[in-house]
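Down below is the structure, laid out as structure tokens.
In this note's numbering, the protein residues as written are 1261 to 2129.
Structure follows, in structure tokens:
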């Protein structure tokens, strides 16, 4: 428990004190803020109310469907498993296809969702506000079935596709139910200027490659003086917007084996969401039927072509038989040589069967040979091939072709599932080709044997009249062609029957349904959060203001963190400062402050070479060093200002009128490009003040300073001057300031109010106290002090003086990059970024929380600008 003095004054103890909070303390703390809490709750609840009124409610709709299993596909999957190929789960394929933009695009086209209509309303009491106040409309209400307007767009196909509009937005105001005034018209996101701003309803608006017409559908549903918006987009773009809120997932505990799929979508219009879900199922079924019927359609087309050819051959054979029989006046000759003829007929019957099989096999082989590599077409199934294995292979191959075509139509050739199916199809294609080749070889052997037997029988028929022999030949030719013709007709009928018997891919279990309560925004949750924020905001602000202080604010902070260090001067914040260098006869507060700092320096004994540094960049060290040098020169002291910040040199920007040669700089001397020390010195244009510039940024500043040549420069020139002021790099990020400190008699450490992190300053004080980083005769300067707000920065206690301390994590991220003519850059990891950009990455919320109401413009903005990355 803190003592009574700390309770009253609210001052912070140097050591971290413990305080035991009681319920009475907390209640008293909150009670004192009761009116602020009530006011905060009213504000946050009002904001929540307006927020909810501005939001468009989003509703959710769902539908349950069942995947109908296809026996042919299931058998194909079993066959692929037998041959060692991994089959994809059909449920995964269907889920993927349902979520493709191609199906959603067809839904958008069928329902006309790419044209949408909106009306502008006031979020509160819209019906009581006169239409002429439409300029204050904020919230858009979308029409669906109840739209009072209709926008018709006609695209001229003569124009190339890149010249056609992709998106059209037309905002207009209804003037008198006969005319409308265009408020804003955009084509492809750009404002399009029309020849006039007022049009009649039904009048055509011509634009490049298209014409637009607005029609008034319901005069009672549109208000005079109110704004309306009509938009049109390509169906694909609209489909992509809907697909983001659409989900399809397997339902049930065992999702890997279930056939139930749940479709869900969120939309601002429940009716539209229901229509989308129902239409997705219908279009998916139509697509599946279409691709499944490709096999039957291909078979029918193939059979029709063959029937045309075979019908010609059959007709020719019949005519030859009839003409020969008529010309020779032949009748039945069955009584002649029945025994020989019967044997010959048996052989001929077998030959007919063999030749029939050869023709069928050659037809299938020709289709395979004509099929290019990488192209997979459906093979005619069930043509009468006697081998059951080939028929099974052809049916499996056709099923996989249909599945692949459906996948390609809804995705692309590079899809992983398509690639897997291509591999399976290649295997089946090779299997079928090999089987047919073997069957053809067997049939050739059988044909040769039958020819031998038939030839032997022909020798026995030498005594049969030539007429009978000719009649038998003509009859056999018809017997070969006619069975094939009848079989193809039968197969065509079977394929047509299969097309008509195709079932839907999905069966709807439950049509689109959902609650009438919106899923977004959740009004109860929003009001609860608003209440909690309103209740906690005032106590949290006061508590945080008491407990947290991250920046140096007063001289006392500097003296506490930098022990045994004297603060020589306080430089005020001057919001009206328009100069980088203080004028010689200036009478403003800034000029007087530098005169006080100058007087303090003159009392320091044995201090001729003064190093100016800071903890991190952006604290005004270059600004302070330059103005110290200028102030000393004003009283007749001969001063040399040396720029030894080789990483972010700022003197060239503070003294822009001084022109210097890059070959006559500190860097050029350190890298042995110049050995004349006197050539490095430039006149500043101010009496008694000379400057040495650092020059281009090197890639290895620490290594250059480690050579010690800068000390030689200072030793050579310090006897010619009363003071040598060194602008060095910051102390914390890099070791440059420690290396330069060997040349200095004293160190002036610049601390910037409301900028320097108090934890970082404490770390600097610990390093100086523990001699881990040695600086000679350290003195401090508090820069950019807000004198108007200083009186409010002592004691943040709230009647009870709660003590607090600081806890922080060492090792702050620090980016520090350079690049010049050396071809590369590099950085360091520590503390803060080198410059104003990195300072922006500090905790802006806490800075704004404790920001004073006085002017925030500071006298060291130029230093921050000079150190931007």
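Think of the CB as a built atom: it goes at the ideal place given N, C-alpha and C, for glycine as much as any other residue.
Close-in-space but distant-in-sequence residues of the same chain around residue i (CB under 6 Å, 5 per side omitted)
i: residue 1494; result: 1426
i: residue 1909; result: 1903 and 1954
i: residue 1618; result: 1703
i: residue 2053; result: Per-residue confidence for residue 2053 stands at a pLDDT of 46, beneath the threshold of 50, marking its modelled position as unreliable; the derived number appears in the next sentence. The answer, listed in chain order, is 1813 and 1814.
i: residue 1464; result: 1471 and 1473
i: residue 1388; result: Here the model assigns residue 1388 a pLDDT of 47, short of 50, so the residue's position is not dependable, and the following value carries that caveat. The answer is none, since no qualifying residue turns up.
i: residue 1610; result: 1710
i: residue 1368; result: 1374, 1495, 1498 and 1499
Presumed contact (8 Å Cβ cut-off) between residue i and residue j, rounded CB distance
i: residue 2004; j: residue 1986; result: 6 Å
i: residue 1736; j: residue 1608; result: 5 Å
i: residue 1881; j: residue 2010; result: 5 Å
i: residue 1528; j: residue 1318; result: 6 Å
i: residue 1616; j: residue 1710; result: Actually they are not in contact, since the Cβ atoms of residue 1616 and residue 1710 sit about 13 Å apart, beyond 8 Å.
i: residue 1433; j: residue 1478; result: Rounded, the Cβ-Cβ distance is 17 Å, inconsistent with contact.
i: residue 1875; j: residue 2024; result: 5 Å
i: residue 1765; j: residue 1545; result: 5 Å
i: residue 1519; j: residue 1327; result: 4 Å
Buried/exposed call for residue i, threshold 16 Cβ in 10 Å
i: residue 1967; result: exposed
i: residue 1902; result: buried
i: residue 1953; result: buried
i: residue 1992; result: buried
i: residue 1996; result: buried
i: residue 1702; result: exposed
i: residue 1672; result: exposed
i: residue 1492; result: buried
i: residue 1757; result: exposed
i: residue 1583; result: exposed
i: residue 1283; result: exposed
i: residue 1417; result: exposed
i: residue 1438; result: exposed
i: residue 1304; result: buried
i: residue 1364; result: buried
i: residue 1321; result: buried
i: residue 1295; result: exposed
i: residue 1792; result: exposed
i: residue 1635; result: exposed
Same chain, Cβ closer than 7 Å to residue i, neighbours up to 5 away in sequence not counted
i: residue 2006; result: 1864, 1867, 1870, 2036, 2037 and 2039
i: residue 2137; result: Given a span of 1261 to 2129 for the chain in the structure shown, any question on residue 2137 remains unanswerable.
i: residue 2029; result: 1823
i: residue 1639; result: 1624, 1627, 1654, 1657 and 1658
i: residue 1933; result: 1923
i: residue 1581; result: 1734, 1735 and 1738
i: residue 1918; result: 1942, 1944, 1945 and 1951
i: residue 1971; result: 2002 and 2003
i: residue 1410; result: 1475 and 1477
i: residue 1790; result: 1304, 1305, 1307 and 1308
Cut-off 8 Å between Cβ atoms - residues of its own chain near residue i, not counting five sequence neighbours on either side
i: residue 1578; result: 1738
i: residue 1962; result: 1994, 1995, 1996 and 1999
i: residue 1669; result: 1362, 1547 and 1551
i: residue 1747; result: 1643 and 1644
i: residue 1570; result: 1741, 1744, 1745 and 1748
Whether or not the segment 1302–1310 and the segment 1500–1514 are in contact is what I'm after, with contact meaning three or more pairs of Cβ atoms, one per stretch, closer than 8 Å; do they touch? Flag = no, the segment 1500–1514 and the segment 1302–1310 do not touch.
Any contact between the segment 1908–1922 and the segment 1855–1870? By contact I mean 3 or more CB pairs, one from each, below 8 Å. In short, these stretches do not touch, since the Cβ pair count stays below three.
For a minimum of 4 consecutive residues, which ranges assigned as the alpha helix (DSSP H) are wholly contained in the segment 1891–1973? Counting only runs of 4 or more, we get 1911–1914, 1926–1930 and 1961–1965.
What are the uninterrupted segments assigned as beta strand (DSSP E) that are 3 or more residues long and contained completely in the segment 1420–1496, given in chain order? Annotation note: the segment 1420–1496 contains the following uninterrupted beta strand (DSSP E) runs of length 3 or greater, listed N- to C-terminal: 1427–1434, 1439–1447, 1458–1460, 1464–1467, 1470–1476 and 1487–1493.
Runs of alpha helix (DSSP H) lying entirely within the segment 1724–1790, each at least 4 residues, in chain order: The DSSP assignment places complete alpha helix (DSSP H) segments of no fewer than 4 residues inside the segment 1724–1790 at 1726–1760, in order along the chain.
Given 8 Å, three or more beta-carbon pairs between the segment 1964–1984 and the segment 1882–1901: In short, these stretches touch, since the Cβ pair count reaches three.
Assess contact between the segment 1766–1784 and the segment 1290–1297, defined as three or more Cβ pairs (one per stretch) separated by less than 8 Å. Is contact present? These segments do not touch.
At which residue ranges does the segment 1801–1834 contain complete alpha helix (DSSP H) runs of 4 or more residues, listed in the order of the chain? The segment 1801–1834 is shown to contain whole alpha helix (DSSP H) runs of 4 or more residues at 1815–1821, in chain order.
On the three-pair Cβ rule with 8 Å, is the segment 1662–1677 touching the segment 1535–1553? Contact between the segment 1662–1677 and the segment 1535–1553 is present, because at least three Cβ pairs lie under 8 Å.
Decide if the segment 1452–1467 is in contact with the segment 1436–1443; the criterion is three or more beta carbon pairs, one per stretch, under 8 Å apart. Judged by Cβ distances under 8 Å, the segment 1452–1467 makes contact with the segment 1436–1443, as three or more pairs qualify.
Taking only runs of the alpha helix (DSSP H) that begin and end inside the segment 1349–1382, which ones reach a length of at least 4 residues, in chain order? Counting only runs that start and end inside the segment 1349–1382, the alpha helix (DSSP H) elements of at least 4 residues fall at 1350–1358 and 1361–1371.
What residue ranges within the segment 1988–2020 form continuous beta strand (DSSP E) runs of no fewer than 3 residues, ordered along the chain? The qualifying runs are 2006–2012.
Sequence ranges, alpha helix (DSSP H) only - wholly within the segment 1644–1720, length at least 4: Fully contained in the segment 1644–1720 are the following alpha helix (DSSP H) runs of length 4 or more, in chain order: 1648–1670 and 1676–1720.
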